[in-house]
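Inspection log for the structure reproduced underneath, given as structure tokens.
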Amino acid sequence: MATKRVLIVGAGFAGIAAARQLGRCKLAEVTVLDRRNHHVFQPLLYQVAMAGLDPSEIARPIRSMLHRYGNVRTLLGMATQVDTSRRVVSSEAGELPYDYLVMACGAHHSYFGNEQWEDFAPGLKNIPQATEIRRRVLRAFEMAERTPDKAEQEHYLNFVIVGGGPTGVELAGAIAEMARHTLRRDFRNINAADARVILVQGGERILEQFPDDLSSYGKRALEELGVEVRLGDHVTLIDEEGVRIGEQFLKAKTVIWAAGVQASPLGATLGTDTNRSGQVVVGPDLSIAGHSEVFVLGDQASAVGDDGKPLPGLAPVAMQQGKYVGKLIAKEIKADREPSSVGRAPFRYYDKGQMATIGRRRAVAQSGKIKLTGVVAWLAWLFIHILYL
Ligand SMILES: Cc1cc2nc3c(=O)[nH]c(=O)nc-3n(C[C@H](O)[C@H](O)[C@H](O)COP(=O)(O)OP(=O)(O)OC[C@H]3O[C@@H](n4cnc5c(N)ncnc54)[C@H](O)[C@@H]3O)c2cc1C
1125 MATKRVLIVG AGFAGIAAAR QLGRCKLAEV TVLDRRNHHV FQPLLYQVAM AGLDPSEIAR
1185 PIRSMLHRYG NVRTLLGMAT QVDTSRRVVS SEAGELPYDY LVMACGAHHS YFGNEQWEDF
1245 APGLKNIPQA TEIRRRVLRA FEMAERTPDK AEQEHYLNFV IVGGGPTGVE LAGAIAEMAR
1305 HTLRRDFRNI NAADARVILV QGGERILEQF PDDLSSYGKR ALEELGVEVR LGDHVTLIDE
1365 EGVRIGEQFL KAKTVIWAAG VQASPLGATL GTDTNRSGQV VVGPDLSIAG HSEVFVLGDQ
1425 ASAVGDDGKP LPGLAPVAMQ QGKYVGKLIA KEIKADREPS SVGRAPFRYY DKGQMATIGR
1485 RRAVAQSGKI KLTGVVAWLA WLFIHILYL
């Protein structure tokens, strides 16, 4: 039986899951290409940003994650272009031909056409951004301590987080906890607990992907930590002095962006449909129209669930998709069949639930009809994340 070349671009949750599945199919010659040499466990990035974890604790070398699979090779390099007619991907590692292509390049932040804001309000998608946020937050306290000027102290001690999804909520809670607990006794000229943490959310509630009662709990829990939650407010300007929220300008040296996602630009080179966020529209088998040998997974894909709604940008979605596509390709290779969407069972997402932490001891969690809040939810969150670490 003939071997087939499978090229996986992106070693995030989806790419790694696909590679592990294909690692068991000796007829597949698998190449995993990533622009970085490490896989990042993004759900704990905020812990790196808040100095709770070291970068090395949430990053693992891709090479060592896959070394046990003799038919899988790992390459470092950025993919720049896909030519579906020649079945070749151009990359910093050269031209890479494929019989099957699995794209799983994830997403980055969208500043909704205001990319110039990024310098003043970094997002949190990778380790350099997490360490930059950590630097800015810790430096703000240091600079406030150094100045005798009360107005300047306030300027340094105002922290604004834009976006009330899980990342924004986790960051706001963690900065508030840091100010009121961790740093409480560390300064002489300032009271770290005077720091103002403001969470700005355009929608009418935070944690919009959770049921109403859990998002209300999340808001209350943040407020108890001293976070000011501003709902229905839009940021209209960010510069080095601060942020304009609606008509009001708020002076803040530290602004963090946790709103909006934009899929990897590589998807656009496939020449197929993409949605407003640049995600590639895929069919029920996660392949693109007209090319049943090309799959797009995870945050880079626009796929719908059984209920017809778009699947969320979550790690379990990416992992389950990676596993599904890996199995599907292995099955076709073993059967010596040409790639074809006809007869493929559709991808089905099994929703195990979602969770978000609020400060050190609280969280919200939902799995089917089960809803948890407070310490119990936080313990569930801790258990799941310790399993990974
Ligand atoms: C701060 C934060 C917190 C989160 N918290 C949670 C959570 O609590 N629970 C949850 O379920 N989900 C969470 N998520 C979402 C989850 O991490 C994503 O849904 C998941 O990472 C998507 O996996 P992926 O494989 O599609 O992409 P990613 O994991 O983003 O991986 C993409 C990979 O592609 C590589 N790549 C990108 N472009 C190229 C290119 N051109 N060439 C080569 N390689 C490329 C990247 O280096 C990366 O390794 C969080 C995300 C963030 C940012």
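Numbering of the sequence shown is given in this note's numbering, commencing with residue 1125 and proceeding in unit increments.
Here a beta-carbon is modelled for each residue, glycine too, at the ideal position from N, C-alpha and C.
What separation, rounded to the nearest whole angstrom, lies between the Cα atoms of residue i and residue j?
i, j, result
"R1468", "D1475", "21 angstroms"
"L1199", "Q1277", "48 angstroms"
"F1471", "H1358", "37 angstroms"
"D1318", "R1197", "52 angstroms"
"Y1193", "A1152", "11 angstroms"
"R1160", "G1136", "10 angstroms"
"I1314", "F1283", "15 angstroms"
"L1075", "Q1333", "No statement about residue 1075 is possible, as the shown extent of the chain runs from 1125 to 1513 and does not include it."
"G1288", "V1324", "7 angstroms"
"L1225", "N1195", "16 angstroms"
"L1295", "G1446", "29 angstroms"
"Q1514", "R1309", "No statement about residue 1514 is possible, as the shown extent of the chain runs from 1125 to 1513 and does not include it."
"P1290", "I1322", "15 angstroms"
Give the DSSP bridge partners of residue i, in chain order.
i, result
"I1369", "V1359 and Q1372"
"F1419", "V1226 and S1411"
"R1486", "I1482"
Following the continuous beta strand (DSSP E) through residue i, name the residue where it begins and the one where it ends.
i, result
"I1098", "Coverage of the chain is limited to positions 1125 through 1513, which leaves residue 1098 absent and any answer about it impossible."
"G1218", "G1218 to P1221"
"K1495", "I1494 to T1497"
"T1481", "Q1478 to I1482"
"L1199", "V1196 to L1200"
"P1185", "A1183 to P1185"
Assuming residue i and residue j are in contact, meaning their beta carbons sit under 8 angstroms apart, how far apart are those beta carbons, in whole angstroms?
i, j, result
"V1117", "A1501", "This structure cannot speak to residue 1117, because the chain is shown only from 1125 to 1513."
"R1304", "G1350", "6 angstroms"
"R1148", "Y1222", "Between Y1222 and R1148 the Cβ distance is about 19 angstroms, and since that is not below 8 angstroms, they are no contact."
"G1134", "A1254", "Between A1254 and G1134 the Cβ distance is about 19 angstroms, and since that is not below 8 angstroms, they are no contact."
"H1232", "W1381", "Wrong, their Cβ atoms sit about 11 angstroms apart, outside the cutoff."
"T1398", "V1404", "5 angstroms"
For the alpha helix (DSSP H) containing residue i, name the first residue and the last one.
i, result
"Q1205", "Not the alpha helix (DSSP H): Q1205 falls in the beta strand (DSSP E), residues A1203 to D1207."
"K1274", "K1274 to L1281"
"L1346", "D1336 to E1348"
"T1291", "P1290 to E1301"
"A1126", "Run containing A1126: none; DSSP gives neither H nor E here."
Segment contact flag, the region 1445-1459 with the region 1415-1431, C-beta cutoff 8 angstroms, min 3 pairs: Touching, yes.
* Asked: Taking contact to mean at least 3 C-beta pairs separated by less than 8 angstroms, is the region 1352-1365 in contact with the region 1171-1178?
  -> Flag = no, the region 1352-1365 and the region 1171-1178 do not touch.
Looking at C-beta atoms only, is the number of pairs between the region 1367-1385 and the region 1208-1226 that lie closer than 8 angstroms three or more? In short, these stretches do not touch, since the Cβ pair count stays below three.
Would the region 1181-1192 count as touching the region 1135-1150 if we require 3 or more Cβ pairs under 8 angstroms?
By the Cβ rule, the region 1181-1192 counts as touching the region 1135-1150, because three or more pairs are nearer than 8 angstroms.
**Request:** Inspect the CB distances between the region 1233-1243 and the region 1265-1281 and report whether three or more fall short of 8 angstroms.
**Result:** No contact exists between the region 1233-1243 and the region 1265-1281.
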